[in-house]
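Residue numbers (numbering that gives the first Met the number 0), protein chains in the order written: chain E, 0 to 273; chain W, 0 to 273; chain Y, 0 to 273; chain H, 0 to 273.
In what follows, a structure is listed as structure tokens, so that the remarks can point back to it.
There are 4 protein chains.
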Amino acid sequence: MRDVQNEPDLRRIPLRKVGVTGLRYPIDVLDKANGMQTTTGTADLFVNLPRHFKGTHMSRFVEIFHAYRKDLSMKRFLAMLEEVRRRLDAERAFASVKFPFFIEKTAPVSGQPGLMCYDCGYEGEVFLRDPENGGGISRVFTVSVEVPVTTVCPCSKAISRHGAHNQRGRVRVRVRNTGFFWIEDIISFVESCASCGLYSVLKRKDEKFVTEHAYENPRFAEDLVREVYAGLKNAVSLSPPLCEKPFLWFSVEAENEESIHRHNAYAYAEYTSP
Amino acid sequence: MRDVQNEPDLRRIPLRKVGVTGLRYPIDVLDKANGMQTTTGTADLFVNLPRHFKGTHMSRFVEIFHAYRKDLSMKRFLAMLEEVRRRLDAERAFASVKFPFFIEKTAPVSGQPGLMCYDCGYEGEVFLRDPENGGGISRVFTVSVEVPVTTVCPCSKAISRHGAHNQRGRVRVRVRNTGFFWIEDIISFVESCASCGLYSVLKRKDEKFVTEHAYENPRFAEDLVREVYAGLKNAVSLSPPLCEKPFLWFSVEAENEESIHRHNAYAYAEYTSP
Amino acid sequence: MRDVQNEPDLRRIPLRKVGVTGLRYPIDVLDKANGMQTTTGTADLFVNLPRHFKGTHMSRFVEIFHAYRKDLSMKRFLAMLEEVRRRLDAERAFASVKFPFFIEKTAPVSGQPGLMCYDCGYEGEVFLRDPENGGGISRVFTVSVEVPVTTVCPCSKAISRHGAHNQRGRVRVRVRNTGFFWIEDIISFVESCASCGLYSVLKRKDEKFVTEHAYENPRFAEDLVREVYAGLKNAVSLSPPLCEKPFLWFSVEAENEESIHRHNAYAYAEYTSP
Amino acid sequence: MRDVQNEPDLRRIPLRKVGVTGLRYPIDVLDKANGMQTTTGTADLFVNLPRHFKGTHMSRFVEIFHAYRKDLSMKRFLAMLEEVRRRLDAERAFASVKFPFFIEKTAPVSGQPGLMCYDCGYEGEVFLRDPENGGGISRVFTVSVEVPVTTVCPCSKAISRHGAHNQRGRVRVRVRNTGFFWIEDIISFVESCASCGLYSVLKRKDEKFVTEHAYENPRFAEDLVREVYAGLKNAVSLSPPLCEKPFLWFSVEAENEESIHRHNAYAYAEYTSP
Numbered sequence: 000m001r002d003v004q005n006e007p008d009l010r011r012i013p014l015r016k017v018g019v020t021g022l023r024y025p026i027d028v029l030d031k032a033n034g035m036q037t038t039t040g041t042a043d044l045f046v047n048l049p050r051h052f053k054g055t056h057m058s059r060f061v062e063i064f065h066a067y068r069k070d071l072s073m074k075r076f077l078a079m080l081e082e083v084r085r086r087l088d089a090e091r092a093f094a095s096v097k098f099p100f101f102i103e104k105t106a107p108v109s110g111q112p113g114l115m116c117y118d119c120g121y122e123g124e125v126f127l128r129d130p131e132n133g134g135g136i137s138r139v140f141t142v143s144v145e146v147p148v149t150t151v152c153p154c155s156k157a158i159s160r161h162g163a164h165n166q167r168g169r170v171r172v173r174v175r176n177t178g179f180f181w182i183e184d185i186i187s188f189v190e191s192c193a194s195c196g197l198y199s200v201l202k203r204k205d206e207k208f209v210t211e212h213a214y215e216n217p218r219f220a221e222d223l224v225r226e227v228y229a230g231l232k233n234a235v236s237l238s239p240p241l242c243e244k245p246f247l248w249f250s251v252e253a254e255n256e257e258s259i260h261r262h263n264a265y266a267y268a269e270y271t272s273p
Numbered sequence: 000m001r002d003v004q005n006e007p008d009l010r011r012i013p014l015r016k017v018g019v020t021g022l023r024y025p026i027d028v029l030d031k032a033n034g035m036q037t038t039t040g041t042a043d044l045f046v047n048l049p050r051h052f053k054g055t056h057m058s059r060f061v062e063i064f065h066a067y068r069k070d071l072s073m074k075r076f077l078a079m080l081e082e083v084r085r086r087l088d089a090e091r092a093f094a095s096v097k098f099p100f101f102i103e104k105t106a107p108v109s110g111q112p113g114l115m116c117y118d119c120g121y122e123g124e125v126f127l128r129d130p131e132n133g134g135g136i137s138r139v140f141t142v143s144v145e146v147p148v149t150t151v152c153p154c155s156k157a158i159s160r161h162g163a164h165n166q167r168g169r170v171r172v173r174v175r176n177t178g179f180f181w182i183e184d185i186i187s188f189v190e191s192c193a194s195c196g197l198y199s200v201l202k203r204k205d206e207k208f209v210t211e212h213a214y215e216n217p218r219f220a221e222d223l224v225r226e227v228y229a230g231l232k233n234a235v236s237l238s239p240p241l242c243e244k245p246f247l248w249f250s251v252e253a254e255n256e257e258s259i260h261r262h263n264a265y266a267y268a269e270y271t272s273p
Numbered sequence: 000m001r002d003v004q005n006e007p008d009l010r011r012i013p014l015r016k017v018g019v020t021g022l023r024y025p026i027d028v029l030d031k032a033n034g035m036q037t038t039t040g041t042a043d044l045f046v047n048l049p050r051h052f053k054g055t056h057m058s059r060f061v062e063i064f065h066a067y068r069k070d071l072s073m074k075r076f077l078a079m080l081e082e083v084r085r086r087l088d089a090e091r092a093f094a095s096v097k098f099p100f101f102i103e104k105t106a107p108v109s110g111q112p113g114l115m116c117y118d119c120g121y122e123g124e125v126f127l128r129d130p131e132n133g134g135g136i137s138r139v140f141t142v143s144v145e146v147p148v149t150t151v152c153p154c155s156k157a158i159s160r161h162g163a164h165n166q167r168g169r170v171r172v173r174v175r176n177t178g179f180f181w182i183e184d185i186i187s188f189v190e191s192c193a194s195c196g197l198y199s200v201l202k203r204k205d206e207k208f209v210t211e212h213a214y215e216n217p218r219f220a221e222d223l224v225r226e227v228y229a230g231l232k233n234a235v236s237l238s239p240p241l242c243e244k245p246f247l248w249f250s251v252e253a254e255n256e257e258s259i260h261r262h263n264a265y266a267y268a269e270y271t272s273p
Numbered sequence: 000m001r002d003v004q005n006e007p008d009l010r011r012i013p014l015r016k017v018g019v020t021g022l023r024y025p026i027d028v029l030d031k032a033n034g035m036q037t038t039t040g041t042a043d044l045f046v047n048l049p050r051h052f053k054g055t056h057m058s059r060f061v062e063i064f065h066a067y068r069k070d071l072s073m074k075r076f077l078a079m080l081e082e083v084r085r086r087l088d089a090e091r092a093f094a095s096v097k098f099p100f101f102i103e104k105t106a107p108v109s110g111q112p113g114l115m116c117y118d119c120g121y122e123g124e125v126f127l128r129d130p131e132n133g134g135g136i137s138r139v140f141t142v143s144v145e146v147p148v149t150t151v152c153p154c155s156k157a158i159s160r161h162g163a164h165n166q167r168g169r170v171r172v173r174v175r176n177t178g179f180f181w182i183e184d185i186i187s188f189v190e191s192c193a194s195c196g197l198y199s200v201l202k203r204k205d206e207k208f209v210t211e212h213a214y215e216n217p218r219f220a221e222d223l224v225r226e227v228y229a230g231l232k233n234a235v236s237l238s239p240p241l242c243e244k245p246f247l248w249f250s251v252e253a254e255n256e257e258s259i260h261r262h263n264a265y266a267y268a269e270y271t272s273p
């Protein structure tokens, strides 16, 4: 049977990425409280395609992801990528997987338990280093978390006789590290930087608490980004530390679904270790 | 050339709807301030398919919608539907079109102008009445508007020392009428029922105003639905009236993007004239 | 502490639905091959609100759903709804939960395994019957499945020298039953009605098979709906049967993402047992 | 009244972007056939925020965009950005606006007219150059177009007795240029690289034409990207040329909604002028 993908291509145009997108799969990820957590992921998987090949073999991406789905810790995610790179005979392999991540969180006064959902993701890249620079394999791994929070507007509070507009906001953090850290720790640190964290279950005494706590801690989107930025930069010296080794790179983004506008307020900062 | 769609079908199963969905088109709709407004719509167009036909002729839906796009007032929308019904040789024709609708709105204190966007829609159905009941053609026309608003939580305000959680909410109203009314009037009535309406441009003195106004007018999702319901039921006696003739049917839905939760609070009511 | 929600309301407007929407939770559902399957759901939970209450207690919905999440079979889903109704002191309770559902499926020739994802959902309603009609509790339970398939256009095949346009289509089925049935059986029956089912992993010999099989089984959206309709109507007499008792009600919808248009082709039919 | 945003910030963290997102507005853009076209846009507007300011003044972004909406050609878009930069007293300003763009396209045989919708966008950045490098202002302007097309799979065609799987695909092109070009020309060039372009209205003789044309021109996602890449690289020498000056940078992305899979096939390439 003809293998059209393997035939030579004469246009001499290398492709940076070829692969599959939107692959939905159940996956198991690390969970601080329970060891592992089963959730549902959406994956994109790619390799580079040298100029002389006409096409890639899409089925192999799925076969490999299928085999690794039962344990997608950071280490295994990179091993999966390395296997994609080898099996597809490429210099580079890329992957991302997005998944909802669930954490049990108790209400601040009543202690009522509920599960909170956070949209998280892994992104990775594995590539052969230039042989002139000693060769070998490089690995990049980035974790992203989106943390929904409350933000009370400092300006609205300062200028108004009573009340202050507040709203749901989303903080998206992406971090790159070579050491171990828990997603749960990043999330609870981000929540501590907001006017208040969110909860699934709040009884009336809890609602009183979160309303007052938020009003006493007003934050612009700009403030929120700066608070999270300052903490991530000093992640190893926080008490308790967020991770074993300093983050190599991170970005912080806050988007407030302004309750007085139809559009959102936005702030973004990025850090690269020197 | 074979006309497969026109061939007989032996399964004897009538289809309630066949047609096209997701047709994106620029359309012109009525605008109270400017006569007409050009916006962009997404249309679904259907007819019923009797049991003896194998398929419908999809291209005719698009041809007819194409011809009517330059004036999609209520009257023309129903005329378009009637032409769909006749050209497709069906007993019933259905259509819906969703579009963003823009209204200039000035800030409450500074008077600064800005455009607000509201997601609106038309739905229609045209059908032959049973000849035993005198025959003729029936027409149903429903307008929907989605109005983003601010809501301050009455419970949070009542139990907290200071502040009150508030958030962006969405009120969706669907109304059925045989007389004329302006979408703009429905929208501004809905905004008057909320803790406060939203604005595109707010200077600091406006922000003070909307913060205080909202705090003084707390509303649950339940309150919002009841306020809008009460007004729509008495639409002709409001001052100014919302429409010439009473609404035959309407529904009101409020969804608050709770600033203390990740999930939303929801309320819904429906009215049918006796 | 004031209980604002419990205060009387003087507007005398009953609300058909009040509750929470967009609650994301891990849930466990029945799985034919493995007993149970852990997936991630998005739930909406409502009760009716009589005219004399100002508001509902939103936290109770989440508390109850939290307790039931570990086993959301049909029976337990209705028990959960019944508890919602009682705890919220309402006449009616409604719920829907949507979730991706995963089934292992092997390629048709090579036998390579892969997981396929299907968007499924439960909807339920529990209500007190009118005491004049003997009282008691009524329960309605509806399952929905969305099955992605291939459809080859019969018209395109009939009129063209070679080839035929084909595309991904989505078939959405909703069924209401009082007896037991497997979601897996509905899904594989729907796939058998299409030009071909979809797969996660296809090697070249599989790709040859599915291409030829689809070309030999062209289907309009209209055909697909009629084939599924005919089968669901005779669900108990199919071999093997799809369910123990006939469906009380069902709807079938097919939407083809036409490869020659930007818009979709659509067909819909509905059945109610006499 | 206090101006909290203007107060000093002691955390010494500069923010790369602050501003507004999701601003929906009617806009007017250039149209080759009709001079201008009114459509609906969604805009994001940002500036950088130096470390010593606490916040930005969000209302100014909207005021400026409001003033420019009636003519968003490339030149005016950059002038708008330059005004944002100056009014917000920043070194950098960024903006993007996404909009559906409509082009009349006649069916290939019958000549029937219909409107096709393409998702397009502008992105821009204006910044002060380093005074050490001579100062002045730099401007970057990127146009993006998404072109839906048909792709027939070359492998499926080569190995199957008859037929070949095909599907809707999306080609996304982003180009950066300092000279003038028409979005319409990019779109029709991309369509010419696919197995076939899409149409809103196709009569039977047109359907025969597009089916056969597509079958005779099979394309992998990889092929499509390479064809478009080769053309954009030689944009000034095509006949007719796509633009006056060569593109400084571009990217090409193809995503096929595989009719035999639930996931998509993807290819991507990027070019920077030497």
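Think of the CB as a built atom: it goes at the ideal place given N, C-alpha and C, for glycine as much as any other residue.
Look at the region 134-222 of chain W and you find these whole runs of alpha helix (DSSP H), each 4 residues long or longer: 153-158, 182-192, 203-214.
Rounded to whole angstroms, I63(E) and L14(H) show a C-alpha spacing of 40 Å. For D2(E), the closest of P245(E), R91(E), M57(E) by C-alpha to C-alpha distance is M57(E).
Proximity of P273(W) to chain Y, defined by a Cβ-Cβ separation below 8 Å, is not satisfied. Across the set M73(W), V200(W), A66(W), the C-alpha of M73(W) shows the shortest separation from the C-alpha of V174(W). Straight-line measurement puts the Cα of R128(W) at about 50 Å from the Cα of S155(H).
For E145(W) and D8(H), the gap between their C-alpha atoms comes out near 39 Å. Under DSSP, N255(H) takes part in a beta bridge, and its partners are G168(H), A264(H).
Assignment of beta-bridge partners to D70(W) by DSSP yields no partner.
V61(W) has a beta carbon lying within less than 8 Å of a beta carbon in chain H. At the C-beta level, K53(Y) and E221(W) come within 8 Å of one another.
Annotation: Cβ neighbours of C154(E) in chain W (cutoff 8 Å, chain order): R203, E206. Look at E6(E) here: in three-state DSSP terms it is coil, with no helix or strand label. Chain order gives the chain Y residues near H65(E) as P112, G113, L114, S199, V200, where near means a beta carbon separation below 8 Å. Going by C-alpha positions, S95(E) is about 10 Å away from L80(E). Listed in chain order, the non-local C-beta contacts of Y267(W) below 6 Å within the same chain comprise E252, local neighbours out to five positions each way being set aside. One Cα belongs to G196(W), the other to T149(W), and the distance between them is close to 6 Å.
Proximity to L231(H) across I182(H), E257(H), D205(H) peaks at I182(H), based on C-alpha coordinates.
Around T37(W), the same chain offers P25, I26, D27 as residues with beta carbons nearer than 8 Å, after the five sequence neighbours per side are excluded. By the criterion of at least three beta-carbon pairs nearer than 8 Å, the region 109-128 of chain Y is not in contact with the region 211-229 of chain Y. Secondary-structure assignment with DSSP links E62(H) through no beta bridge to anything. For K232(E), the three-state secondary structure derived from DSSP is helix. It is roughly 47 Å from the alpha-carbon of A193(Y) to the alpha-carbon of I185(E).
Looking at the backbone, the Cα of G133(E) and that of T271(H) are separated by about 27 Å.
At a cut-off of 8 Å between beta-carbon atoms, P99(E) makes contact with chain Y.
Selection D88(W), R23(W), L71(W) evaluated against L48(W) yields D88(W) as nearest (Cα-Cα). Under the 8 Å criterion on CB atoms, Q36(H) is classed as non-interfacial with respect to chain Y.
Taking the CA atoms as reference points, N33(W) sits about 19 Å from C242(W). When the beta-carbon positions are compared, M115(H) and S199(H) come within less than 8 Å of each other.
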